[in-house]
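Chemist: This is the structure I want to talk about, given as structure tokens.
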Amino acid sequence: MSGSSSARDRVQALVAVLGEHFGPLPWWRAPPEEVMIGAILVQQTRWENAERALEELRGAGLLSLEAIDRAPAEAIEEAVHCAGFFRVKTRRLKALARFVLGTFGSIEGMVNAPTDELRRGLLGVPGIGEETADAILCYAFDRCSFVIDAYTRRLCACARVEEPAEGYRGLFEAVLSRENAGYRQTHAHIVEYGKRYCSRRRCEECSIRSSDA
DNA sequence: GACCAGGTCCTTG
DNA sequence: CAAGGACATGGT
Numbered sequence: 000m001s002g003s004s005s006a007r008d009r010v011q012a013l014v015a016v017l018g019e020h021f022g023p024l025p026w027w028r029a030p031p032e033e034v035m036i037g038a039i040l041v042q043q044t045r046w047e048n049a050e051r052a053l054e055e056l057r058g059a060g061l062l063s064l065e066a067i068d069r070a071p072a073e074a075i076e077e078a079v080h081c082a083g084f085f086r087v088k089t090r091r092l093k094a095l096a097r098f099v100l101g102t103f104g105s106i107e108g109m110v111n112a113p114t115d116e117l118r119r120g121l122l123g124v125p126g127i128g129e130e131t132a133d134a135i136l137c138y139a140f141d142r143c144s145f146v147i148d149a150y151t152r153r154l155c156a157c158a159r160v161e162e163p164a165e166g167y168r169g170l171f172e173a174v175l176s177r178e179n180a181g182y183r184q185t186h187a188h189i190v191e192y193g194k195r196y197c198s199r200r201r202c203e204e205c206s207i208r209s210s211d212a
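With numbering that gives the first Met the number 0, letter number 19 in the first sequence gets 18, and the count goes up by one each step, no holes.
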């Protein structure tokens, strides 16, 4: 087998330490449709900007996949302008809407679909990569899909967790129990830790690292 | 004014 | 397959 400090062991330790450090953390709650839209809007920007864009969409009556599918691109671009990459994100929102409405007819058609099928479908939508797909699965549809984002990679690098060829996702999913709450919670912990202690410009000495190494 | 933010896609070597 | 660039606004 592996030594006393395999990548999996280190991830297990990270999850435990974060849990003790932060305890339960709140996370944005919204209907699945809004979570999906938010998952696109938040790409490569602060959540605050994505949230503003969501409110702009709401104000314009565009906070639904039906409306996004129907509306002219210019109207959506104007609403999501404050989230950056507004032309790209508009195209991605429309692609998402087309996928959901075309493949499942509606959001309701997705809630009972198998996770594998949803994940493959989402990854086939231009503009939806692994992180966005897993965020949608985890936070919009309560699935056990762990979200690997920039914070996770940074933290793992800091904690000397070597990345497997298939990526970090499998490590976390092997460590977490099969319940959605833990997936949400651990990702929330990592984001909180990243924002507070381990951004790109500054990475304070990781207390995590010493307790794990 | 540079640098960064909860990515993804396309092009090059 | 790794590395680099494009997409864009808002905050430090």
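A virtual CB, placed ideally from N, CA and C, is assigned to each residue, including glycine.
Which ranges would you report for the alpha helix (DSSP H) in the segment 122–168 if only whole runs of at least 4 residues count?
Modeler: Segments of the alpha helix (DSSP H) lying fully in the segment 122–168: 129–138 and 149–157.
Chemist: Return the chain-ordered list of same chain residues with a C-beta closer than 6 Å to the C-beta of E172, the five sequence neighbours on each side being excluded.
Modeler: For E172, where only same-chain residues beyond five positions count, the Cβ hits under 6 Å are F145.
Chemist: Would you tell me roughly how many angstroms separate the C-alpha atoms of S74 and A94, rounded to the nearest one?
Modeler: According to the sequence provided, residue 74 is Ala. The question's Ser does not apply to it. A74 and A94: Cα-Cα distance of roughly 16 Å.
Chemist: Expressed to the nearest angstrom, what Euclidean distance is found between the alpha-carbon atoms of A70 and Y182?
Modeler: Each residue's alpha carbon lies about 35 Å from the other.
Chemist: For the alpha helix (DSSP H) holding Q11, just list the boundary residues, first then last.
Modeler: Note, Q11: alpha helix (DSSP H), A6 to F21.
Chemist: Using the C-alpha atoms, what's the distance from E76 back to E19?
Modeler: Distance between the alpha carbons of E19 and E76 is about 42 Å.
Chemist: Can the beta-carbon of Y150 be found closer than 7 Å to that of I106?
Modeler: For Y150 and I106, no; Cβs fall outside 7 Å.
Chemist: Based on Cα-Cα distance, which residue from R142, V79 and R91 lies nearest to N179?
Modeler: Comparing Cα-Cα distances from N179 to each of R142, V79 and R91, the minimum goes to R142.
Chemist: Alpha helix (DSSP H) containing R200: first to last residue?
Modeler: Unbroken run through R200: none, as it is neither H nor E.
Chemist: Does the Cβ-Cβ distance between L61 and A78 come in under 7 Å?
Modeler: It is a contact, given that the beta carbons lie within the stated cut-off.
Chemist: Please identify the residue among I67, N111, V110 and T114 whose C-alpha is closest to the C-alpha of R97.
Modeler: When each option's Cα is compared against that of R97, the closest is I67.
Chemist: Exposed or buried, D133, counting other C-beta atoms within 10 Å across all chains shown (16 or more means buried)?
Modeler: Buried.
Chemist: From Q184 to Y192, what distance separates their C-alpha atoms?
Modeler: About 12 Å.
Chemist: Span of the alpha helix (DSSP H) holding F84?
Modeler: No alpha helix (DSSP H) contains F84, which DSSP labels as neither H nor E.
Chemist: Using a threshold of 7 Å, state whether the C-beta atoms of N48 and A72 are closer than that.
Modeler: In this structure, A72 does not lie closer than 7 Å to N48 by Cβ.
Chemist: Can you tell me whether E178 is helix, strand or coil according to DSSP?
Modeler: Correct three-state label for E178: coil.
Chemist: Under 7 Å between the Cβ atoms of A187 and L24?
Modeler: Yes.
Chemist: For R168, which of S4, V10 and A158 has the nearest alpha-carbon?
Modeler: Nearest C-alpha to R168: V10.
Chemist: Less than 7 Å between the beta carbons of P31 and A112, yes or no?
Modeler: Going by C-beta atoms, P31 is not nearer than 7 Å to A112.
Chemist: Exposed or buried, T114, counting other C-beta atoms within 10 Å across all chains shown (16 or more means buried)?
Modeler: Per the 10 Å Cβ criterion, exposed.
Chemist: Measure the alpha-carbon distance for A212 versus A158 and round it to whole angstroms.
Modeler: The predicted model places A212 with a pLDDT of 41, which falls under 50 and marks its position as unreliable; any figure quoted below should be read in that light. Near 7 Å, if we compare the C-alpha coordinates of A158 and A212.
Chemist: Tell me whether Q43 sits in a helix, a strand or coil according to DSSP, three-state version.
Modeler: Coil, per DSSP.
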